[in-house]
Structures are given as structure tokens and as C-alpha cells.
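Step one of this worksheet: look at the structure below.
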Amino acid sequence: MNPFTLKKLEYEKIIDLLAAQCSSGLGKLLAEGLQPITDGQQIAYWQQETTEGVLVRRMEPNIPLGGLVDLNRQIRKAQIGGMLEPEEFLQLLDVLVACRRISHFFLERKRTYEIPRLEWWAEQITLLPELEREIDDIIAPEAAVRDSASSELLAVRRKINTLKNRIRERLEHIVRSETSQKYLQDALVTMRNDRYVVPVKQEYRSQIPGIVHDQSASGATLFIEPMAVVEMNNDLRKAYSTERDEVNRILLELSSKVTPYTDDLQYNLQVLGQIDFIFAKARLSEKMNGIEPVLKQAPQLSIIKGRHPLIAAKQVVPLTVALGQDFDSVIITGPNTGGKTVTLKTVGLFVLMTQSGLHIPAEPGTEMGLFH
């Protein structure tokens, strides 16, 4: 289609309305790239998909379209042998769960009503239950590796908890001591540089032997790690290092299990994007009170009470017009602001929307032909 024509008819505004109905960035990309086509068979498929989307939305109030996120970064990492972070695994898990729910949703509905195009898209999804289960077993909902991911991780985390409790007990004993309290700014245990410390008044620095890790903005308070816990803090740092190494090993191993499925994941994303896009078209049809036009292969049209899609329903004046059957020319006359340009734009937009697979705001029985 001529870009000048698309601009003059404000086709981009229709695209903006469509993109706003998408639930995910995947669907939005498809909406933003939508262009009218001249392949009659493909137009029929697109129109059928929009109609099926409207039917499903009418019958099912809760369509499982959640969890659709772009996984291209994770897929690239897995392809080159990189390590995915826990947050990235959770996003991947969301997509795997979305694939399963959407696939089951549409394949179960075919017993109730006919949605062949949506069934076809659902059948294109490759379910990966084993990968879904492995990720769920290792990554917790709060984006952390579960203790149960390995016996080594469980052991080192138990050691960390034991050390933390022992350190806090020792420091709590210090801050509760009547002798020490007069040297402290506050009777509390805090953290500096990942080490447990107590806040000591500057003038009593020598009364609490230990390592200074920080001081307050005024300089009146020093945050000191008492010598009594230095060795335990060292052990704690070593345990944290061991934990980090084990977590990285687990994440790297889990990442390697994603690698064989990267092609399936990429294709699943395309399918999920298409399904989201189809339901965006359905939602737009509902907002416009649109219908699927009767498609004609010849360059002809018969619009029944068509309404300009960018004018508010309360303000628009419906039009009925036919071309290409009994006659192929129409003269439009009338005063300024009488609606001549709106009429022309309505007909033009109906052509563009039809050939983009979008429903048009008109009465049933409206026919739209194929125009180049």
C-alpha cells in the first residue's frame, strides 16, 4: 500500500488503538508492524482469527494470557553457554506456564465451539514440562535458589545461620553488658561491609578493642567489629563465598538445561505473540462494535451503516455506499463540514482495516473486496 495513502487516511491511529489492546510487548510488536496485504486467502485467515477471538472472549471471561514476556535475552545467554540469573529463570518459568495454560485452554474449548484457527495456533506450542519442573524445583518465587537445590547448598546455608546466630549472641551479650553500654552510642547490633559491628562513641574507641569499619557522618560514632567476633565473621565470609560458588554452579547447570530448547522457546514466543495479537484485534472489534465483513475477491464494496472508526460513536453519522457492482463511480456533494472527507476516509479505512484482518464498525452483511 502507498505510504502516502496510509498517512492521509490516518491508518497509524488505528494501529495505535490496536497496540493499546495488547497484553504483552510480543503482541504489541506485531500490532505496530501490521500492514494491509492483498493475499485474499491470508486476509480470510486473519479475519477468521479476529472473529474467533471475539467468540472466545464472549464465552470465556478469563483467558489465560498472563506471563507473556520477551525471553530473547535469556535465550541468547543460554545459546552461548551463559548463566541465567534467578529473576531470568522466573520469567522463563512464567512463559513455560503460560504456554501450558494457553495450550490446554484452547484445546479443551474445541469440544464446546469451533475455533479452528486458534486451535491451530495452540497446537504450534511445544510444551516443556520437564524444564518447567526443574526450574520450579530450584528457583523459589522470591528469585532465590532453593535450599533443596543441592545438599551442599543446604549444608552451607545451615552453617551460615549457625554462625550468624553465634555472632549475634556474642554481640548481644556485649551491648547488654552494663560495662559496655556507656561506651556505645546505641545498644544495637548492625552491619557494615557485610560484617557485624556495634556503634561505639568516638571518645571510647580504645574501650572496645576491634576493627573500625565505618563512622557516622558527624564522626561521633565508630562502627567497630569487636575482636571477640572477628574470627567468626571471617568464617561467615568464607561460608558466604562457598554459598555463592555453589549457587553459581547450580545456576550454570540449570542454564545448560535450557540450551537444547532455545529453538522451541523462540517459536513458542512467536506463537504467544500471535495469540495475544489476535485477542487485541478481538478487543478492538468489541470497542468499535465491529463485524467481520463478507470478503469479495473483486475490487468492490457494499458498506451498510458504516461508522468512521476514529470518531466517537455518539457523534458519527453512519453511511451506506456501494461501488464496483452496478456502478463504479460516485459523486459526493454537500456543503463545507458536511462530511464529504469523512465519507471518503471511512471507505478508505474500511479497505485498509479489512485487508489487515481487522473488523470494521458497520452492520452485518457489509461486503469488502480486494483492492491493490
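Per the numbering used here, the very first residue in the sequence shown carries number 582; after that it's consecutive.
Cβ coordinates follow ideal geometry from the N, Cα and C atoms, glycine included.
Presumed contact (8 angstroms Cβ cut-off) between residue i and residue j, rounded CB distance
i	j	result
I716	F686	Not really, about 21 angstroms apart at Cβ, beyond 8 angstroms.
V770	R749	6 angstroms
E957	L699	Limits of the chain in this structure are 582 at one end and 953 at the other, which puts residue 957 out of reach.
I624	T843	Actually they are not in contact, since the Cβ atoms of I624 and T843 sit about 33 angstroms apart, beyond 8 angstroms.
E704	L677	Not really, about 17 angstroms apart at Cβ, beyond 8 angstroms.
Residue i, DSSP secondary structure in three states
i	result
L803	strand
V726	strand
V932	helix
Q796	strand
G608	helix
I884	strand
K763	coil
Y694	coil
M582	coil
V911	coil
V779	strand
Cβ-based neighbour list, residue i, same chain, cut-off 7 angstroms, excluding 5 preceding and 5 following
i	result
I719	V726, R727, A730, I831, L835
C603	K609, A612, D857, F858, A861
E633	I696, R698, L699
Cβ shell of residue i (< 6 angstroms), same chain only, five flanking positions each side left out
i	result
Y785	Y764
W627	G938
T823	V737
S761	I755
Q878	G621, L951
Member of the options whose CA lies at the smallest distance from the CA of residue i
i	options	result
P890	I755, K594, Y777, M582	K594
L803	A879, N814, D767, K838	D767
E669	K691, V650, F952	V650
R825	T935, L598, L646, I741	I741
L674	A894, L846, L735	L846
D775	K658, V637, A820	A820
F931	E873, G919, Q851	E873
C-alpha gap between residue i and residue j, whole angstroms
i	j	result
V875	V635	17 angstroms
A798	L708	57 angstroms
Y848	I706	8 angstroms
E536	P916	Since the first and last residues shown for the chain are 582 and 953, residue 536 lies out of range.
A801	G791	17 angstroms
A721	L587	49 angstroms
H953	G662	48 angstroms
A724	L615	36 angstroms
N653	Q896	45 angstroms
V779	M664	38 angstroms
Residue-level contact to chain D via CB, residue i, 7 angstroms cutoff
i	result
N746	Annotation note: the requested chain D is absent from the structure, which comprises a single protein chain.
Proximal residues to residue i (C-beta, below 8 angstroms), its chain only, five neighbours per side dropped
i	result
T901	I884, I885, K886, G887
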